[in-house]
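In my numbering, the protein residues as written are 10 to 118.
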């Protein structure tokens with residue numbers, strides 16, 4: 010059964026995000042529990058809350074019919090954005106990367 014690491018990238022920001030900039034990334038390791046920043050020292054709780062419900066499932070092998078089985082998904086952080094009394098909203102792209110179960114490395118690296 011395959012495992013996946015998830016690469017989560019801040020794809021776009023509408024308004025003013027006080028934590029992230031477009032292009033920043035963080036990883037969810039194939040255990041579905043470990044989060045690792047990539048090129049940033051912090052992760053916004055609104056961003057994390059916007060994607061957290063799907064992360065453990067997306068690290069596992071899924072049926073092709075499952076909407077989470079696609080290689081990339083776009084979700085949104087929980088900040089409602091400037092139009093609704095928030096500061097900014099971020100769109101987060103989740104990319105699934107199959108992990109070699111023996112070494113834990115991403116296939117193709």
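By construction, the Cβ of each residue, glycine as well, lies at the ideal position given by its N, Cα and C atoms.
- Message: For residue 18, count the other beta carbons within 10 Å of its own beta carbon; 16 or more makes it buried, fewer makes it exposed. Which is it?
- Response: buried
- Starting from the Cα of residue 48, find the closest Cα among 85, 41, 34 and give me that residue. 34
- Item | residue 87 versus residue 94 - alpha carbon distance | 12 Å
- Message: Can you look up residue 92 in the DSSP assignment and give me helix, strand or coil?
- Response: helix
- Task: Kindly indicate the opening and closing residues of the beta strand (DSSP E) around residue 28.
- Result: No beta strand (DSSP E) contains residue 28, which DSSP labels as neither H nor E.
- Message: Quick check on the DSSP output: the alpha helix (DSSP H) that includes residue 63 runs from which residue to which?
- Response: Here residue 63 belongs to no alpha helix (DSSP H), and DSSP marks it neither H nor E.
- Task: Thinking residue 91 and residue 41 are a contact (beta carbons under 8 Å), I'd like their distance in whole angstroms, please.
- Result: That belief does not hold up - the Cβ atoms of residue 91 and residue 41 are roughly 33 Å apart, past 8 Å.
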